[in-house]
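Taking mature numbering (1 follows the signal peptide of the UniProt record, and there is no 0), I'd label the letters of the sequence shown as residues -20 to -1, 1 to 201.
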Amino acid sequence: MKSFYLILVVQSLFVVSAFSQSFDFFYFVQQWPGSYCDTKKSCCFPSSGKPDADFGIHGLWPNYKDGSYPSNCDPDSHFDQSQISGVLRRMRSEWPTLACPSNDGIQFWAHEWEKHGTCSALDQHAYFQTTLDLKNQVNLLQSLTSAGIEPNGNTYSLESIKDAIKQDVGYTPFVECNNDSSGNSQLYQIYHCVDNSASKLIECPVFPRGRCGSQIEFPTF
């Protein structure tokens, strides 16, 4: 009987280990709300009110080194709001939704968990807590404003933005742009990479596709 239970434990550990190694790294993605809102599509503030003028979390996404990624790994694992009850205040502040119509963020967080979190080898509470903790490590607005790069509608060089973040955070970011309502390129999302245990930042094995121009706008919010 002891041998039987030992086999079950070993098999369980193997499954957990295999699953945890089924992707190579995470993208940790933060978004500038001014750029989300300053598009032809516009935005809606969450039911909790206008978010702070700070980068908000978009997500923590498992990825492969070939540029592809797993998604929706467990269709039976649905978002459970009770799992984030202890961090709900931080979720509203640091992981706000800007989608229309105005809402409480539950649909956004459910999407992130079900598409990406179920592939993370973390349980729901750990997934959201870990992502919030990463934001504490990567204070993008502080990195940029300390270098004189402020969200005032001015244009800055892409290289100066990347250099300011790398100097402060210690790792090379990927900068994603979108277009404002007039078609101008603007600072939209910043990607950093995290090892597949979600325990530390790393240099990105591969960057997402897409590129910004050499000069980009940092809009107000």
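For every residue, glycine included, the Cβ atom is placed at its ideal position computed from N, Cα and C.
1. My guess is that valine 155 and cysteine 192 are in contact by the Cβ rule of under 8 Å, so how many angstroms apart are they, rounded?
2. Return helix, strand or coil for leucine 102, following the three-state DSSP convention.
3. For arginine 72, which residues in the same chain have their Cβ closer than 6 Å to its Cβ, ignoring the five residues on either side in sequence?
4. Is the separation between the beta-carbon of phenylalanine 35 and that of isoleucine 64 shorter than 8 Å?
5. Using only the alpha-carbon positions, how far apart do tyrosine 16 and threonine 98 sit?
6. In angstroms, rounded to a whole number, what distance separates the CA positions of alanine 79 and glycine 163?
7. Within a Cβ cutoff of 8 Å, which residues of the same chain sit near glutamine 1, ignoring the five residues on either side of it in sequence?
8. Measure the beta-carbon distance from valine 186 to lysine 180 and round it to whole angstroms, keeping in mind my assumption that it falls under 8 Å.
9. I'd like to confirm the pairing. Which residues does DSSP put opposite asparagine 159 in its beta bridges?
10. Report the start-end ranges of each alpha helix (DSSP H) in the stretch 52 to 138 that is 4 residues or longer and not cut off at the edges.
A quick look at the data gives this:
1. Reading the sequence shown from its first residue, position 175 is the one you call residue 155. Reading the sequence shown from its first residue, position 212 is the one you call residue 192. That pair is a contact at about 6 Å.
2. As a first step, residue 102 is located in the sequence shown; it is residue number 122 there, counting from the start. Three-state DSSP puts leucine 102 in coil, outside helix and strand.
3. Stepping through the sequence shown from its first residue, residue 72 is reached at position 92. Within the same chain, arginine 72 has close Cβ partners Ser28.
4. Locating residue 35 in the sequence shown gives position 55, counting from the first residue. Locating residue 64 in the sequence shown gives position 84, counting from the first residue. The answer is no: Cβ separation not under 8 Å.
5. By one-based count along the sequence shown, residue 16 stands at place 36. By one-based count along the sequence shown, residue 98 stands at place 118. Using only the alpha carbons, I get a separation of about 26 Å.
6. On the sequence shown, position 99 is the one that residue 79 refers to. On the sequence shown, position 183 is the one that residue 163 refers to. If I take the Cα positions, the gap works out to 20 Å.
7. As a first step, residue 1 is located in the sequence shown; it is residue number 21 there, counting from the start. For glutamine 1, the pLDDT reaches just 48, beneath the cut-off of 50, and the residue's location in the model is therefore unreliable, leaving the point undetermined.
8. Locating residue 186 in the sequence shown gives position 206, counting from the first residue. Locating residue 180 in the sequence shown gives position 200, counting from the first residue. Going by Cβ atoms, the distance from valine 186 to lysine 180 rounds to 18 Å, so no, they are not a contact pair.
9. Numbered from its first residue, the sequence shown carries residue 159 at position 179. Paired residue(s): Ser165.
10. 68 to 74, 86 to 95, 104 to 117, 120 to 126
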